[in-house]
Amino acid sequence: MTTPIPGPPGWPIIGNLRDVDINDTVRCFGDLARTYGPIYKLRLGGDDRIFISSQELVNEVCTRKEFVKIPIGSLKQLQHVTPKGLFTAPHGQKEWGEAHRTLTPAFGPLAVHDMFPEMLDVASQAVLRWARAGENNMINVAEDFTRLTLDTIALCAMDTRFNSFYKDDLDPFIEAMLTILNEAQVRSSRPAFVTPFLREANQKFEDAIAYARQVAADVIAKRRANASGTQKKDLVDAMVNRSDPVTGKKLSDDVIIDNMITFLIAGHETTSGLLSFLFYLLMTHPEAYSKLQQEVDNVVGKGPIKVEHLGKLLYVKASLRESLRLHPPAAVWGVTPLLNDDKDSDEHIVLANKWAIRQNQTVLILTPALHRDTAAFGDDADEFKPERMLDDSFQALPKNCWKPFGNGVRVCIGSDFALQEAILATAILFQKFDFRLADPDYKLSVRQTLTLKPHGLFMYAKLREGIDSISLQADIFNTGSNSVRNRAGAVSNTISDSNASRLMSLFYGSNTETAKGLAERFAVSASSRGFKCTIKPLNNAIDHIPTEHPVVFFVASYEEHPDNGIKFIEWLQSSPGLNLEGVKYSVFGCGNRDWMHTYQVTPILVDTLLQDRGAVSFAARGATDVSRGDILGDFESWQSEQFWPGISHLFGETIVSSEPDYLSLLDQKSENEPSNGVQVEVVQVTKMTAATDRPKYHMEIELPKDTTYNVGDYLEVYPQNSQEDLDRLLQVFKVGDKEDADHIIMAIFTRLELNQPATANQIRKLSETCASVQDKALLTDLANEASNSPQKGVPTVLQLLVAHPTIAISPNQLVQLLPSIRPRPYSISSSPAWSPTRCTLTWSLMDRPALTDARYKDEPPVVGLASGFLAKLAPGDRFKASVRPGKDRFRPPQDLSSAPMIMVCIGAGIAPFRGFIQHRAEAIRRDPSASLAPAVLYAGCRNGQEKLYAGELAEWEQKGAVKVRWAFSRPNPQSESVGTQGYVQDQVWTDRADVVPLWDDGARVYVCGSRALSQGVRDVAKRIYGEVARSRCGPKDEDAVNEWWLDVIRERYAVDVF
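Residues in the sequence shown are numbered from 1 upward in steps of one, following our numbering.
This is how it looks when you write it as structure tokens:
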């Protein structure tokens, strides 16, 4: 028993036409949904059309295979323009399938990743136009974003420039598109019999179509005319030169033209609407505006934006998702149930066990209403809150509640392109400008054509402080010279398959060819290790999975299983008796968390089915999330950390590259890489001293929930090389940009120490490869100086390579020359009694001796790798670290009442003692009646302005946790009367009358600082012992004093030297 679908009563002949404003249908449909609920019916154009808008109903429609997507409304009218386009072709059209299979790879993640330079090119034109127009220039938001997105899709996909930002009027192609879209919208809203009588409108429509098709034909002709030259691997190349992987046919010219126009329309219309709505929302929500701009500043800074920045702009991406939720440019899309081949059949389907929908009846999904369903998004569904779209929250949303790109096999294949373009545009514009509405009282008005856009929205763009229009272009493209890898040329050499002695089978399953591209990259790496690889689609593995050699499956999953892997998966699922014993395999999966409910589903399924059938995995499954923008980084990490160690274990021998394998050398150097390292987050950073010479810092850090520490432990910090050293490294190998750098060069940057002063031996090795006689002599002299005066300022290896470009060095030689980055232990300066999930660090920024040689006078001073790395971090930044247990003797007594404590330090050596004293203060706070043994801190610094934690220590001293004695090596006589004028060990000698009773009561002595401090305290201790001994039992000779000292350091004296 079914229930009638509600809806307003219709009129004879015209049905519900009077219930809909033909110029604002989307708003009307939404109003009707609020009146009649999540499903209602309208009679339009002689047919009953069903409208649904709740997550529950949309989820059922999206998951039931009976429903297929169909062109509706304006899209259906566009069949007059592009009858065989991907968005307009009817369901089941043969040409649609051929075009979809052929073109999808051109918009795969790797292909979109490589389009970044073209996207930046066009975005920079918008930046320069707005900057030069001045802050009082009123910007038509939708119009300028249309310029941006049209030029971007044209350049990226077709290598064609419309140069829209260099014209006051819109490009004729845009004018033609607007004519086409407006007429399609009007035609979709009026009775069909009216159209033939509107001759003027029809002629204008036909002229616009003819112009658009001629533009497309010209692009094709230009590409074919250059067939013998360098072919750009873009959309046009795919359409002209690729064959359908199923039929083997190439696309006809009509199909090519239809899809070129389709992409030019769809590729700019929706993204320009997205950006326009986003900027309106940000300008009317100051808190979100500030958060987004702050994230851009933190991630990108003031330098050029890079492709690797995009994956880190999480709030920008969340804001775009939230804009798509509230104002989806593609507002309505249609499906219909297909139950059999008889399109006139009376058979029907029941939705939600309640409403009957007959075969071929149109069902329209109202995306704006779906996206504001309170059952999915809460009572604040109408509010702009980007936080709800951050990754963790986004992934927790109910299935199919966010559908801005459609669904199923006809989902928008350009979604990755659109999001990358929008993130880049938003980031670079907010990096350079501050924005405000031209009319502060503007109320959002929406214009409807094929898509939705704000109407009448204008804004002002003012260059941010410190940015001027003259230097702007240099700032955007300050990436050095083009990539010319003269010194790194050997990196590309590989050993041919003819030298391989082992076999390996690679199978890929992917509609976008991402998995295929990874398989091809992998084959190059495998061939250098002696493997001959075959690469085939996943379906080719049916009944042909080898057992005599390793097999690797590269599998992608987005909305559906990949077309070239469906039969393979069905074969594994439908063959319960299938025995794959003897198969040795591994799986690498590609996915996109934007498709949250199908992320990594297919790779996991393949891995599980293979194991269920008896196959054995020799390396853990790898995975990459393409939405994060680091596909190749994830892939290379999996190879080095999982695959090659796993296959080495399989063969019982270490599998290494037979070519100079830089990564293998790096692996051998990385023994210090932590197996238990975790990502910690900076909560607060404070510069505690004003001195420019070795300033002191304090940092508060949030630890992961499962990471604990004890008082006296260390935090091992795994530092990263500086941007300055990256710039030098790229300059050495003549690479203009980080994005152009080979992964070997980037591995050198991430894994080797680049800022250590060059040793005499390193300098001699550099001189041996130097082509210039003069430079060779200079380097030889410098090596001798470094040997004779090791404390003298010496340049780093990179500084020498930059200063002496005649040194011929390969990446392999540089790897052999440099040490791997080692972790730096820092004493934790807090107690877990204060906070078990937070710790603090205290450190000095270490500076190196100045370069005294005049030849390197222009080189900036070099600071310590780890101290400089920490000093540049800001709240919210994360870095890799691990807790390392401290020395048992260098901790407070477990029973704080059992023995006095004497602590001696200089400068940042106060770090562990702050933790000790805080531990005692917390014990007093928890039990004010506790009786603790005395504790005294002797802290040395240059003057009173450099006292660390003075206020905090004074408070703890007042509570009885410690007694503090300061010693100033360079005091200001007029302002500093408290503290000995001298070194801290001198203060201990001065206070010996107080120290001796503590010693007699069993005090433990702790020293933290330099070797000179340790030696100074030792000498003072011996002097005190000698004096006490004379008064108590007579003089002691030197041997007796030394023997006493040996007993002391074994039991009651602990030192931590840095």
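Just so it is clear, CB atoms sit at the ideal spot from N, CA and C, and this is done for glycine as well.
Here the structure is a predicted model, which is why all the values come from computation and not from measurement.
Other residues of its chain near L817: CB distance less than 7 Å, five sequence neighbours each side excluded: Looking up residue 817 in the sequence shown gives position 817. Closer than 7 Å at Cβ, skipping near neighbours: Q762, K765 and V797.
Buried or exposed: where does Q985 fall if 16 or more other Cβ atoms within 10 Å of its Cβ makes it buried? Locating residue 985 in the sequence shown gives position 985, where the first residue counts as 1. Q985 is buried by the Cβ-count criterion.
Given a threshold of 16 other Cβ atoms within 10 Å of its Cβ, counted over all protein chains shown, does C533 qualify as buried or as exposed? Position 533 of the sequence shown, counting from 1, holds the residue named residue 533. With 16 or more other Cβ atoms within 10 Å, it is buried.
Can you grab the Cα-Cα spacing for the pair R878 / S835, in whole Å? Counted from its first residue, the sequence shown places residue 878 at position 878. Counted from its first residue, the sequence shown places residue 835 at position 835. Cα to Cα, R878 sits roughly 19 Å from S835.
Pick helix, strand or coil for H919, following the three-state DSSP scheme. What you label residue 919 is simply residue 919 of the sequence shown in a count that begins at 1. Three-state DSSP puts H919 in a helix.
G73 classed as buried or exposed, judged by whether at least 16 other C-beta atoms fall within 10 angstroms: The residue labelled residue 73 in the question sits at position 73 within the sequence shown. With 16 or more Cβ atoms within 10 Å of its Cβ, G73 is classed as buried.
DSSP state of T514, grouped into three classes? Stepping through the sequence shown from its first residue, residue 514 is reached at position 514. Note: T514 maps to helix in three-state DSSP.
Along the alpha helix (DSSP H) that carries I828, what are the first and last residues, could you check? Translated into positions along the sequence shown, residue 828 becomes position 828. I828 -> no alpha helix (DSSP H), and no H or E assigned at all.
Beta-carbon within less than 6 Å of A318's beta-carbon, same chain only, minus the 5 sequence neighbours each way: which residues are those? Counting from one through the sequence shown, the residue named residue 318 turns up at place 318. If we look at A318 and ignore the five residues flanking it on each side, its Cβ neighbours are P386, M389 and L390.
Could you tell me which residues DSSP puts in a beta bridge with G334? Within the sequence shown, numbered from 1, the residue matching residue 334 stands at position 334. DSSP lists I70 and L364 as partners of G334.
With the cut-off set at 8 Å, would you say I180 and F145 are in Cβ contact? Numbered from its first residue, the sequence shown carries residue 180 at position 180. Numbered from its first residue, the sequence shown carries residue 145 at position 145. No, these two residues do not count as a Cβ contact at 8 Å.
How is C770 classed by DSSP in three states: helix, strand or coil? As a working mapping, residue 770 is identified with position 770 in the sequence shown. In the structure shown, C770 sits in a strand (DSSP, three-state: E or B).
Please report the distance separating the alpha-carbon of N672 from that of R824. Taking the first residue of the sequence shown as 1, we reach residue 672 at position 672. Taking the first residue of the sequence shown as 1, we reach residue 824 at position 824. The predicted position of N672 is uncertain, since its pLDDT is 36 and thus under 50; no value can be drawn from it.
Along the chain, where does the beta strand (DSSP E) containing V717 start, and where does it finish? Along the sequence shown, read from residue 1 onward, the residue named residue 717 stands at position 717. Unbroken beta strand (DSSP E) run through V717: Y714 to V717.
Pair within 8 Å by beta-carbon distance, D416 and P109: To locate residue 416, count along the sequence shown from 1; it is residue 416. To locate residue 109, count along the sequence shown from 1; it is residue 109. It is a contact, given that the beta carbons lie within the stated cut-off.
What is the residue span of the alpha helix (DSSP H) that H455 lies within? As a working note, residue 455 is residue 455 in the sequence shown. Here H455 belongs to no alpha helix (DSSP H), and DSSP marks it neither H nor E.
Residue range of the unbroken beta strand (DSSP E) whose run includes C62: Here the question's residue 62 lines up with position 62 in the sequence shown. Where C62 is concerned, there is no enclosing beta strand (DSSP E), although the alpha helix (DSSP H) it sits in stretches over Q55 to T63.
Helix, strand or coil: which one does DSSP assign to E702? Along the sequence shown, one-based indexing puts residue 702 at 702. E702 falls in the strand class under three-state DSSP.
Could you name the residues of the same chain whose beta carbon sits closer than 6 Å to that of D434, not counting the 5 residues immediately before and after it, in chain order? Position 434 of the sequence shown holds residue 434. Within the same chain, D434 has close Cβ partners K462 and R464.
Whole angstroms is fine: what's the gap from P90's alpha carbon to I542's? Residue numbering aside, residue 90 sits at position 90 when the sequence shown is read from its first letter. Residue numbering aside, residue 542 sits at position 542 when the sequence shown is read from its first letter. Between P90 and I542, the C-alpha separation is close to 33 Å.
K963 - containing beta strand (DSSP E), residue span: As a working note, residue 963 is residue 963 in the sequence shown. K963 to F968 is the span of the beta strand (DSSP E), which, as asked, contains K963.
Where Q668 and A777 are concerned, what is the direct C-alpha to C-alpha distance, given to the nearest angstrom? The residue labelled residue 668 in the question sits at position 668 within the sequence shown. The residue labelled residue 777 in the question sits at position 777 within the sequence shown. Bear in mind that the predicted position of Q668 carries a pLDDT of just 44, short of 50, making it unreliable; the figure below should be weighed with that in mind. Roughly 33 Å between the two C-alpha positions.
Close Cβ partners of L726 (< 6 Å) along its chain, the five nearest in sequence each way excluded: For the purposes of this step, residue 726 is taken as residue 726 along the sequence shown, with counting starting at 1. Taken in chain order, the residues that qualify are F749.
Hey, S1010 and V1041: beta-carbon distance below 8 Å or not? By 1-based counting over the sequence shown, the position of residue 1010 is 1010. By 1-based counting over the sequence shown, the position of residue 1041 is 1041. Not a contact, by the Cβ cut-off of 8 Å.
Residues near D563 in its chain [Cβ-Cβ closer than 6 Å; skip 5 each side]: Counting from 1 along the sequence shown, the entry for residue 563 is found at position 563. Same-chain partners within the cutoff: N511.
Out of G46, K233, D159 and N137, point me to the one whose CA is closest to F193's CA. One-based indexing of the sequence shown puts residue 193 at position 193. Nearest C-alpha to F193: G46.
Those residues which DSSP pairs with N140 across a bridge: On the sequence shown, position 140 is the one that residue 140 refers to. Note: N140 sits in a beta bridge opposite F458.
Three-way DSSP call (helix, strand, coil) for S323 in this model: Taking the first residue of the sequence shown as position 1, residue 323 is located at position 323. Looking at S323 - three-state DSSP - the assignment turns out to be helix.
Helix, strand or coil, according to DSSP, for L937 in the structure here? Position 937 of the sequence shown holds residue 937. Note: L937 maps to strand in three-state DSSP.
Verify whether the separation of the beta carbon atoms of I701 and L841 is less than 8 Å. Counting from one through the sequence shown, the residue named residue 701 turns up at place 701. Counting from one through the sequence shown, the residue named residue 841 turns up at place 841. Yes; because the gap between Cβ atoms is below 8 Å, this pair is in contact.
Do the segment 696–712 and the segment 734–748 touch if we need at least three Cβ pairs shorter than 8 Å? no
Can you find at least 3 beta carbon pairs, one from the segment 250–267 and one from the segment 110–129, that sit closer than 8 Å? no
What three-state label does DSSP hand T479 in the structure shown? Looking up residue 479 in the sequence shown gives position 479. Caution is warranted here: a pLDDT of 43 is assigned to T479, below 50, making its placement in the model unreliable, and the coordinate value is therefore given only provisionally. Looking at T479 - three-state DSSP - the assignment turns out to be coil, as it is neither helix nor strand.
Of the listed residues D693, V682, L948 and S820, nearest to C839 (C-alpha basis): Locating residue 839 in the sequence shown gives position 839, where the first residue counts as 1. When only C-alpha atoms are compared, the closest one is V682.
Could you check which residue in T769, A760 and Q185 has the C-alpha nearest to that of N788? On the sequence shown, residue 788 is found 788 positions in, with the first residue counted as 1. Checked all of T769, A760 and Q185; the closest Cα to N788 is A760.
Quick check on the DSSP output: what are the complete alpha helix (DSSP H) runs of length 4 or more inside the segment 715–757, in order along the chain? 723–732 and 743–751
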